[in-house]
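Heads up: the sequence shown at position 80 corresponds to 80 in UniProt numbering, and the numbers run straight through without jumps. Think of the CB as a built atom: it goes at the ideal place given N, C-alpha and C, for glycine as much as any other residue. The structure appears below as structure tokens.
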Amino acid sequence: MEREHVSRELVLEWVRQRLWHKVKQELVSWHPSDIAEFLASLEEEEASTDALILFLMLPPELKADVFSEFDSELQRQILERITSDQVKEILSELSHDDRIELLENLPGNLTRRVLNLLSPDDRSITLELLGYPEESVGRLMTPDYVSLKPHWTIEKALDHIRRYGKDAEIINMLYVIDEEGHLLDDILLRKVILAPPDATVESIMDWHYVAINAYADQEEAVRLIRKYDLNALPVVDDDNILLGIVTVDDIIDVLDEETTEDVHKESAVVPLETSYTQASPFLLYTKRVVWLFFLGISGFLSSGVISRFQGVLSSFISLSLFIPMLMDTGGNTSSQAATLVIRALAVGELTPRRWFLVMRKELLVGLLLGGSLGLVLATIGYLWTGHPGIALTVGLSTVGIALWANLIGSTLPLLCTWVGIDPALISSPLLTTILDVTGLLIYFTITSLVLL
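Shown next, in the form of structure tokens:
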């Protein structure tokens, strides 16, 4: 790690001295993602011209690999600043899936320019992939794979791999198709290499494979790759014709996007479509203000509940001392339950059909949490006020709020999933607002029953 740090500082010094040849010699030995990070840091330091010079000095294939590592905003800026021939060079080296990801994030005028610079074959493939719905597997797949025929000998298969493997996205997994293009099997390259040269491909097939439809949701591809520990997933049409493959690096990108989106939603923020560093203050404002207005207005409901039970509070002023503790208990308990259920739904451990199991389990957990917390708060209440009735009220209210919070926090995500809404929308601030209102109702209702 120390060597890399010194190397980076040295390269920065070379950049300041305009020793471009030395910088290039060093950068070409780095991983594309490290080069992209370094050049992006130059952009942030307002040395964008230096970053562009260095980027254009890279060899064509490495340049495309680095370009695919940039965020969409930096990609757009580069495309707007370089010539058509330079754009064409980058596009010719980009994989089909990286090209699709680029076009999805470009403004309309730049998208048209990029499409016009593609070769006829690449343009045809690109337009075909763009024809699939957003968030579908078809948008992720690449047609760059190696396919074999079952009647080929192993020797012929290896010759075919040597000839076409250099253009494939991966070659560690090979796909066996018939004359019409139907997928028959997937085979590890190792299995082909270890087989006798005169054996047929069919002789090493097991006829078992996992595939996904091109119109399936990308999250389904994530689930299958995770479940079956795959490096790549074949993509087929309704007739089981092999169309392309989705590789694990694309799935990691989807996971990053989905995780970021869920984190934003759970915090009551409309998901950003760009990186935080590239987002303007006004964009951040628009993504957050709507939820804050809604939650702020909802807060008036809590005020209404307190106003409704003002008579109870005036009789027992010390009751107000426990409102913050009880509201925190409800909000935190519901957020914990919601987080566990949403995550279980996301990784496929749970489905809405198992709602009864969830309800039974969370009610028991709520009873245990409420009982233990209620005992503590009731003791504090008695020591604080010296009033056994208030202590009993606080203890019972804690149990009731914990039960209700666990029930709401666990069942709302299931309900959202059942009706087709992203359960991540059940954000912590939203749950807290709901529990503030309903928790006050529970507290004051129990107070009325015990003390009045």
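- In this structure, the straight-line span from the alpha carbon of Ile390 to that of Tyr382 is close to 7 Å.
- When C-alpha distances from Leu340 are compared across Thr286, Gly370, Leu301 and Gly409, the shortest belongs to Gly409.
- One alpha carbon belongs to Leu407, the other to Gly330, and they sit about 11 Å apart.
- The segment 294-350 contains, as complete alpha helix (DSSP H) runs of 4+ residues, the segments 310-315 and 323-346 (chain order).
- In the three-state reduction of the DSSP assignment, Asp159 falls in the helix class.
- Ser147 is bridged by DSSP to Tyr175.
- Residue ranges of uninterrupted alpha helix (DSSP H) with 4 or more members, entirely inside the UniProt domain "CBS" (205-261) and ordered along the chain, are 218-228.
- Judged by DSSP secondary structure, Asp186 falls within the beta strand (DSSP E) whose first and last residues are Leu183 to Leu188.
- Bridge pairing for Ser68: absent [DSSP].
- Residue pairing from DSSP places Ser136 in a beta bridge opposite Asp217.
- Where Ala195 is concerned, there is no enclosing alpha helix (DSSP H), because DSSP gives it neither an H nor an E.
- With 16 or more other Cβ atoms inside 10 Å of its own Cβ, Arg99 counts as buried.
- Taking the Cα of Glu135 as reference, the smallest distance to any Cα among Asp217, Ile154, Gly181 and Asp159 is reached at Asp217.
- With the rule of 3 Cβ pairs closer than 8 Å, the segment 132-147 counts as touching the segment 161-179.
- Beta-bridge partners assigned by DSSP to Thr200: Thr153.
- Contact fails between the segment 147-158 and the segment 70-80, because fewer than three Cβ pairs, one in each stretch, are under 8 Å apart.
- The Cβ atoms of Pro234 and Tyr175 sit closer than 7 Å to each other.
- Between Val248 and Ala221, the C-beta gap is not smaller than 7 Å, which leaves the two residues out of contact.
- For Thr142, the secondary structure class from DSSP, reduced to helix, strand or coil, is strand.
- In the DSSP assignment, Lys22 falls within the unbroken alpha helix (DSSP H) covering Trp20 to Leu27.
- Contact check for Leu56 and Gln86: beta-carbon distance about 7 Å, within the 8 Å limit, so the pair qualifies.
- Leu94 carries a coil assignment under DSSP once its states are collapsed to helix, strand and coil.
- Judged by DSSP in its simplified three-state form, Pro120 adopts helix.
- A direct Cα-to-Cα measurement between Gly138 and Asp237 gives close to 10 Å.
- For Gly420, there is no enclosing alpha helix (DSSP H), as DSSP marks it with neither H nor E.
- Inclusion of Leu129 and Ile177 in the CB contact set at 7 Å is not warranted, their separation being larger than that value.
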